[in-house]
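Numbering (the UniProt record's numbering), first residue to last: 1 to 305. Heads up, the beta-carbon is just placed ideally off N, CA and C, and yes, glycines get one too. The structure appears right after this line, and notes come after that.
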């Protein structure tokens, strides 16, 4: 692919259409006429001798060539922004911005605590913390909307660099007064007699739980299902039910002896990974690199502490 002759305007319009899935919506976001956007896309396709989109009734989807161009364009756009930032910033880490996407479990305790600890040394660094579903966090890094993602993963992802990984095993969460409290470990079958509160089906916890229960023929009828994980753990304290979590999600509450996390013996409940992700092939800005290194050190300490 010969890209040196491609204009930045055309790439910018192309990326917006890829992001929106339609020329009309992209034109609104870019504040230019839809015909101008279409012309730029046509010029790109002519220059590259390739169709960049599959035109469908409900919008436009990237072709294989378009997917490759989008990956290139996103990296180029981010690196150009980085150069401008480095020129305008003071030397060192006196200024900078880091955009982090993470799933809700990490937003409860771990990420706010880590950002606060980092900023005690680098007070000029500002942050955006965006909380979303695990797959969305990864997609925000892939598209360049976020610099880093801290999320749970079940399989490798395209165009994503895994900066660090550790076990995301799922634990049973109980109050200190629950009959299972104090156990060294439990099986899913041993949880059946007790009321349980669960996250919704779009979470990695629920997906693995449902798969493991299906294989064993175990049936659970949750007394509470919610997409807000903080509500689950409040409900565990108030109602005395069981729930599920990673140990990292509730590290402080377990350390403060408010709740207990019990290892689950069933092998499938250890299939999940915690990943710190960045865009593959991207040169990270100094502030992002420093925070990445800080998080890795934190994760290593979590693993060995």
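In terms of residue numbering, what span does the beta strand (DSSP E) encompassing residue i cover?
i           : result
residue 53  : 53 to 56
residue 277 : 273 to 279
residue 170 : 170 to 175
residue 130 : 125 to 131
residue 159 : It is not in any beta strand (DSSP E) - residue 159 carries neither H nor E in the DSSP assignment.
residue 59  : 59 to 62
residue 182 : No beta strand (DSSP E) contains residue 182, which DSSP labels as neither H nor E.
residue 149 : 148 to 153
residue 99  : 96 to 102
Exposed or buried, which one is residue i when buried takes at least 16 other CB atoms within 10 Å?
i           : result
residue 272 : buried
residue 181 : exposed
residue 214 : exposed
residue 125 : buried
residue 200 : exposed
residue 17  : buried
residue 233 : buried
residue 46  : exposed
residue 151 : buried
residue 266 : buried
Counting along the chain, where does the alpha helix (DSSP H) carrying residue i start and finish?
i           : result
residue 112 : 110 to 119
residue 134 : 134 to 143
residue 9   : 8 to 20
residue 48  : 34 to 48
residue 26  : 23 to 30
Cβ of residue i less than 7 angstroms from any chain C Cβ?
i          : result
residue 16 : Of the chains in the structure shown, none is chain C; there is only one protein chain.
Taking residue i as the reference, which of the options has the closest Cα?
i           : options               : result
residue 105 : 50, 230 and 42        : 230
residue 253 : 109, 147, 44 and 21   : 109
residue 270 : 290, 187, 127 and 128 : 187
residue 274 : 169, 17 and 140       : 169
residue 258 : 154, 235 and 69       : 235
residue 162 : 121, 147, 113 and 68  : 147
residue 175 : 155, 197, 121 and 165 : 197
residue 298 : 58, 64 and 115        : 115
residue 8   : 80, 95, 136 and 160   : 80
residue 134 : 159, 291, 204 and 71  : 204
residue 132 : 202, 41, 293 and 117  : 202
How big is the Cα-Cα spacing for residue i and residue j?
i           : j           : result
residue 51  : residue 219 : 49 angstroms
residue 90  : residue 48  : Legend: pLDDT at residue 90 = 45, less than 50; position of this residue unreliable, value from coordinates given subsequently. One C-alpha to the other measures close to 40 angstroms.
residue 223 : residue 193 : 13 angstroms
residue 212 : residue 37  : 49 angstroms
residue 279 : residue 28  : 27 angstroms
residue 243 : residue 208 : 14 angstroms
residue 221 : residue 97  : 45 angstroms
residue 77  : residue 103 : 26 angstroms
residue 157 : residue 288 : 21 angstroms
residue 12  : residue 227 : 35 angstroms
residue 57  : residue 32  : 23 angstroms
residue 190 : residue 250 : 22 angstroms
residue 111 : residue 154 : 21 angstroms
residue 171 : residue 296 : 23 angstroms
residue 130 : residue 53  : 29 angstroms
residue 120 : residue 142 : 29 angstroms
residue 61  : residue 24  : 14 angstroms
Hey, is residue i close to the ligand FAD, as in C-beta under 6 angstroms from one of its heavy atoms?
i           : result
residue 152 : With respect to the ligand FAD, the structure offers nothing, as it holds no ligand at all.
- Query: At which residue ranges does the segment 184 to 231 contain complete alpha helix (DSSP H) runs of 4 or more residues, listed in the order of the chain?
  - Reply: List check, alpha helix (DSSP H) in window: 188 to 191 and 204 to 216.
Alpha helix (DSSP H) runs contained entirely in the segment 237 to 296, provided each spans 4 or more residues: Counting whole runs of 4 or more residues, the segment 237 to 296 contains the alpha helix (DSSP H) stretches 251 to 255.
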